[in-house]
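Residue numbers (the numbering used here), protein chains in the order written: chain A, 291 to 488; chain B, 21 to 177. Every residue gets a Cβ at the ideal spot worked out from N, C-alpha and C, and that includes glycine. Comments concern the structure below.
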C-alpha cells in the first residue's frame with residue numbers, strides 16, 4: 291500500500307515543485323498503461339508514443355496547478371490520451387491502416403509461433419479498428435485497461451449507462467467479425483492468450 | 021447491494037445478467053462492483069451459464085491481442101520533457117558522485133548522506149535526504165531509480 295507521500299496526487303504536487311524523482315515515479319507508474327491504450331486506438335507505435343509523450347508533457351505543464359477536485363491522475367491521463375488519439379484519427383481519417391506496423395514478438399516464441407501470434411493479433415486489432423471510435427474507446431478502457439465503468443464514463447464524458455451500451459454494441463460487432471474465424475484464431479493461441487476461468 | 025438484488029425478480033435478474041455478460045464479458049471481476057452479487061445468484065442457472073460460455077469465447081479471442089508495452093526509450097524521452105527547475109549543479113562534482121555510486125555499496129552512501137555530503141541537496145525540492153542522494157547519484161538514469169526504489173528500502177539505506 292502506498293504511503294501518503296507516494297500517491298499520484300502527492301507525486302504530481304511534488305513534480306509541480308520541480309521534483310524530478312516524483313516525475314520519474316509518475317512516468318514509471320503510468321507510461322505503460324497510457325501507451326497501451328493509445329496503441330490500441332491508433333495501431334501505430336510511433337503515433338502512440340507521440341500521444342503518450344504529449345500526454346505527459348501536458349501533465350508537466352499543469353502539475354504546478356494541480357488540484358485534486360475528485361479526479362484521479364490516471365483518469366486525467368487517460369482522458370488527455372484518448373482525446374489526442376481521436377484528434378489524430380480524425381485528422382488522418384484513418385480508421386483501419388492497411389498495414390499496421392508489426393508489434394514486437396514475444397521473445398519466448400519461436401519464429402513460426404511468433405508469426406502466427408502476430409497474425410492472430412492483427413486479425414483482432416483489425417476488427418477493433420473497424421469499430422466506431424466511441425465503441426473502440428469503451429472496449430479499450432474497460433476490457434483491455436480493466437478500468438471500471440465509472441472510470442471509463444468519467445474519461446469519455448458520458449454516463450455509465452452509455453458506457454454499457456457502447457461496450458455491448460462493440461462486443462456484438464466484434465463477435466460478428468471474429469467468431470466465424472474463432473477456430474483459426476485460437477489454434478495455437480493456448481499458451482499465449484489469457485483465458486477466462488469458468 | 022442486497023437492496024440492488026431485491027429490485028430484480030427471477031426473469032429480470034437473468035436479463036440483467038445477460039446484459040452484463042454482453043457488455044463486460046464473462047469475468048465477474050470486470051463487472052460493475054454493485055452487480056457482482058448478481059453473478060453469485062445466477063452462476064448455477066443453465067441459461068446464464070450458456071450465455072456466459074458465449075461471452076467467454078469472445079473474451080478468449082480478444083485476449084490474443086495483448087496490450088503493447090512501452091519501451092524505456094519512451095520513458096526516458098518523457099522524463100527529458102520534464103522542465104529543469106532544479107538548481108544548477110557542478111557537472112564535475114556530480115559526475116564524481118555518480119561514478120562513486122556505481123562502485124560503492126548503498127550502506128556507504130547512506131553514511132555519506134548522514135554526514136551531509138550531498139551536493140546542493142538543500143536547494144533541491146525532494147522529500148527526504150535519501151531521495152536527494154538518489155537524485156544526484158542517478159540523474160542520468162532516473163528511471164532506474166524510480167523502478168528500484170524498493171531496493172533502497174530493503175537495503176536499509
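query: Residue-chain proximity (residue 33 of chain B, chain A), Cβ-Cβ < 9 Å; result: no
query: Residue environment, residue 359 of chain A, which counts as buried when at least 16 other CB atoms sit within 10 Å; result: exposed
query: For residue 472 of chain A and residue 317 of chain A, the rounded distance between their alpha carbons; result: 37 Å
query: Secondary structure of residue 340 of chain A, DSSP reduced to three states; result: helix
query: C-alpha gap between residue 337 of chain A and residue 299 of chain A, whole angstroms; result: 28 Å
query: Of the residues A:414, A:327, A:357, A:379, the one placed nearest residue 445 of chain A, counting alpha carbons only; result: A:327
query: Cβ of residue 82 of chain B within 9 Å of any chain A Cβ; result: yes
query: Reduced DSSP secondary structure (H/G/I, E/B, other) of residue 359 of chain A; result: coil
query: Interface positions of the segment 43-54 of chain B facing chain A (Cβ-Cβ less than 8 Å), listed along the chain; result: 43, 44, 45, 46, 47, 50, 52, 53
query: Test: residue 368 of chain A CB closer than 9 Å to a CB of chain B; result: no
query: Cross-chain neighbours of residue 410 of chain A in chain B, by beta carbon under 7 Å; result: 84
query: Pick from A:437, A:353, A:418, A:448 that is closest to residue 313 of chain A, judged by C-alpha positions; result: A:353
query: Beta-carbon proximity of residue 368 of chain A to residue 431 of chain A, cut-off 9 Å; result: yes
query: Residue 452 of chain A vs residue 463 of chain A beta-carbon contact at 9 Å; result: no
query: CB of residue 425 of chain A within 9 Å of CB of residue 374 of chain A, strictly; result: no
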